[in-house]
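Undergrad: The structure's right below; bear with me while I get my questions together.
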Amino acid sequence: MRNVMYIGTLATLIALSSCNNTEEMKTEDHTSDFQWQVDRFADVKVLRYQVPSWDNLSSKQRIYAYHLTQAGLAGRDIMWDCNYRHNLEIRKAIETVISNEAVDHTTPEFLDFEVYAKRVFFANGIHHHYSNVKFEASFDHQWFMSTLEGLSGSLSEEAQRAIFDPEFDVKKVNRADGVDLLLASAVNFYAPDVTQLEAEAFYAAKVDADPTRPVSHGLNSRLSRNEDGSLYEEVFSADGRYASSIKQIIGHLEQAKIVTENEGQALALGLLIEYYQTGDLNKWDDYNIAWVSMTEGDVDYINGFVEVYNDPMGYRGSYETVVQVKDFDASARMSVVAENVQWFEDNSPIDYDHKKESVVGVSYKIVA
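The letter at position 289 of the sequence shown is residue 288 when you use numbering that gives the first Met the number 0, and the numbering goes up by one with no holes.
This is the structure we're talking about:
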């Protein structure tokens with residue numbers, strides 16, 4: 000079993016709740032040689048972290064980390080689209096306005112719009128990354144559309160409504176009592192008219208080919224509706240939904256596989272590539288078994304449709320990607336615990352009947 004302590008993240012943006020403490024507001028945003036706070040807006044701080052362990056990696060390891068990172072970036076649009084069906088269209092419109100130097104960046108309208116844009120970029124969509132509530136657009140609707148159209152941009156009527164109508168698609172995920180979980184949620188894992196009862200019936204009819212090894216039905220798909228009203232899954236794969244992005248992911252994973260640190264990493268990446276090519280959930284299980292067994296190496300990663308908390312029914316995984324580099328100094332310090340784990344077990348303040356005579360399988364890898 001892979002017992003890994005993950006502390007820190009590589010190139011991660013962290014959102015911190017806003018605080019009314021004025022002393023905190025005065026905290027410096029840098030040290031003598033490093034700017035750690037990039038920005039602050041609404042309830043968010045954007046922070047940078049130093050990764051000194053990067054200097055300990057070989058050129059081959061750095062290339063490995065690079066391609067894993069690029070594979071993750073290739074899936075960015077998948078996350079945006081899964082979060083909400085109009086997110087990509089809205090993002091394009093926002094980028095058109097905010098990046099154009101012809102737009103006056105000093106007006107009150109633009110400054111309000113800029114905060115909104117930052118919140119959308121940070122959350123990968125127009126709904127808050129924790130509360131799931133849609134962001135309020137405090138800037139003027141007419142100003143935004145006239146500015147956008149003046150730059151030859153456009154935005155559909157429904158996408159405009161998504162931004163400016165406070166009663167439309169209010170929550171990305173709504174699990175309130177008494178509501179239809181799907182009709183009340185704006186997340187794009189289901190066609191907008193698919194009901195909770197229909198989805199429950201669809202998956203109740205699913206039968207696993209091997210009952211001893213059931214798969215995670217729905218994990219990598221969108222539940223959509225045919226013209227005849229029946230439901231079907233649009234599988235996320237190289238020849239399915241999001242094919243363009245997934246082919247780019249595969250391309251970088253193939254490049255990463257060439258420069259893996261060991262055979263275990265190469266085996267796991269090969270299975271992950273097959274999974275993305277086919278969308279086969281049995282292959283996803285095979286990959287995860289190989290990934291869990293992949294305990295050696297200084298560069299680690301997560302890549303796939305993993306956590307299901309953005310699906311109100313708990314079937315579908317959001318696209319997730321993280322690349323991690325081993326913190327060599329901290330891992331060396333924590334190795335003392337692993338090497339003396341039996342002593343800690345023997346001297347722990349718990350009842351003797353609950354202590355193990357022989358503790359095995361404890362290891363630490365601290366990453367940055």
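All C-beta atoms in this analysis are idealised placements derived from N, C-alpha and C, irrespective of residue type, glycine included. Since this is a predicted model, take the numbers as computed values, not measurements.
Go ahead and label Asp326 buried or exposed: buried means 16 or more other beta carbons lie within 10 angstroms of its beta carbon, across all protein chains shown.
TA: So Asp326 ends up on the buried side.
Undergrad: Alpha carbon to alpha carbon, how far is Asn302 from Tyr363?
TA: Each residue's alpha carbon lies about 21 Å from the other.
Undergrad: Report yes or no: do the stretch 215-227 and the stretch 172-191 share at least 3 C-beta pairs separated by less than 8 Å?
TA: Touching, yes.
Undergrad: For the structure I just gave you, are there three or more beta carbon pairs, one from the stretch 231-243 and one from the stretch 42-56, closer than 8 Å?
TA: Touching, no, given that fewer than three Cβ pairs across the two stretches are closer than 8 Å.
Undergrad: I'd like to know whether the C-beta atoms of Val258 and Ile62 end up nearer to each other than 8 Å.
TA: Yes, the pair counts as a contact, with Cβ atoms nearer than the cut-off.
Undergrad: If you follow the beta strand (DSSP E) that Met320 is part of, which residue opens it and which one closes it?
TA: In the sequence as displayed, the identity of residue 320 is Thr instead of Met. From DSSP, the beta strand (DSSP E) with Thr320 extends over 318-324.
Undergrad: On the DSSP bridge assignment, give the partners of Gly303 in chain order.
TA: Answer is Glu319.
Undergrad: With the cut-off set at 8 Å, would you say Lys256 and Leu268 are in Cβ contact?
TA: Yes. Within cutoff.
Undergrad: DSSP three-state label for Leu270, please.
TA: If DSSP states are grouped into helix, strand and coil, Leu270 belongs with the helices.
Undergrad: Does the structure place the stretch 53-67 close enough to the stretch 298-313 that three or more beta carbon pairs sit under 8 Å?
TA: Short answer: they touch.
Undergrad: Taking 6 Å as the limit between beta carbons, can you name the residues of its chain near Thr11, skipping five residues before and five after?
TA: With a pLDDT of only 40 at Thr11, under 50, the local geometry of the prediction cannot be trusted, and no value is derived from it.
Undergrad: Along the chain, where does the alpha helix (DSSP H) that runs through Ser58 open and close?
TA: Element bounds for Ser58: 58-73.
Undergrad: Just verifying my parser: in three-state terms, what is the DSSP assignment at Lys133?
TA: Lys133: strand per DSSP, three-state reduction.
Undergrad: To which residues does DSSP link Arg407 through a beta bridge?
TA: Beyond the ends of the chain as shown, which are 0 and 367, falls residue 407; an answer cannot be given.
Undergrad: Output the boundary residues of the alpha helix (DSSP H) element that contains Arg90.
TA: Looking at the DSSP string, the run of the alpha helix (DSSP H) that includes Arg90 is 86-97.
Undergrad: So is Gly149 buried or exposed if we call it buried at 16+ other beta carbons inside 10 Å?
TA: By the 10 Å Cβ count, Gly149 comes out exposed.
Undergrad: Is Thr146 buried or exposed, if buried means 16 or more other CB atoms sit within 10 Å of its CB?
TA: When all chains shown are included, Thr146 counts as buried.
Undergrad: Within 10 Å of its beta-carbon, does Ser347 have 16 or more other beta-carbons around it, so buried, or fewer, so exposed?
TA: Exposed: under 16 other Cβ atoms inside 10 Å.
Undergrad: Which of the three DSSP states is assigned to Arg47 in this structure?
TA: Note: Arg47 maps to coil in three-state DSSP.
Undergrad: Along the beta strand (DSSP E) that carries Phe167, what are the first and last residues, could you check?
TA: That residue, Phe167, is in no beta strand (DSSP E); it is neither H nor E in DSSP.
Undergrad: Tell me which same chain residues have a C-beta within less than 8 Å of the C-beta of Lys25, skipping the five on either side of it?
TA: At Lys25, the pLDDT of 44 sits below 50, so the modelled position is not reliable and the matter cannot be decided from this model.
Undergrad: Ordered along the chain, which non-local residues of its own chain (more than five positions away) have a Cβ less than 6 Å from that of His140?
TA: The answer, listed in chain order, is Phe163.
Undergrad: For a quick check, are the C-beta atoms of Phe138 and Asp103 less than 8 Å apart?
TA: No, these two residues do not count as a Cβ contact at 8 Å.
Undergrad: Would you check if the distance between the CB atom of Gln195 and the CB atom of Leu181 is smaller than 8 Å?
TA: Yes, the Cβ-Cβ distance between Gln195 and Leu181 is below 8 Å.
Undergrad: Cβ of Val214 within 8 Å of Cβ of Asn309?
TA: The answer is no: Cβ separation not under 8 Å.
Undergrad: Would you kindly work out how many angstroms separate the C-alpha atoms of His128 and Asp345, rounded to a whole number?
TA: Taking the straight line joining both Cα atoms gives about 43 Å.
Undergrad: Among the candidates Val366, Leu154, Val321, Gln36, whose CA atom is the shortest distance from the CA of Arg332?
TA: The candidate whose alpha carbon is nearest that of Arg332 is Val366.
Undergrad: For the beta strand (DSSP E) that contains Tyr286, what are its first and last residues?
TA: From DSSP, Tyr286 is part of no beta strand (DSSP E) but of the alpha helix (DSSP H) over 280-291.
Undergrad: Within the same chain, show all residues whose beta-carbon is closer than 6 Å to that of Asp207, passing over the 5 residues directly before and after it, in chain order.
TA: So the qualifying residues of the chain are Pro213.
Undergrad: Name the DSSP bridge partner or partners of Leu222?
TA: Note: Leu222 sits in a beta bridge opposite Tyr189, Glu232.
Undergrad: CA-CA distance, Val178 and Ser317?
TA: Taking the straight line from one Cα to the other gives about 23 Å.
Undergrad: Does His353 pass the burial test, meaning 16 or more other C-beta atoms within 10 Å, or should it be called exposed?
TA: Exposed.
Undergrad: Please say whether Glu319 and Val305 have beta carbons closer to each other than 8 Å?
TA: Yes.
Undergrad: What does His126 pair with, by DSSP beta-bridge criteria?
TA: His126 is bridged to Lys133.
Undergrad: Going by CA-CA distance only, name the one from Phe167, Tyr115, Ser229 that's closest to Val193.
TA: Nearest C-alpha to Val193: Ser229.
Undergrad: Around the C-beta of Val37, are 16 or more other C-beta atoms found within 10 angstroms, so that it is buried, or is it exposed?
TA: By the 10 Å Cβ count, Val37 comes out exposed.
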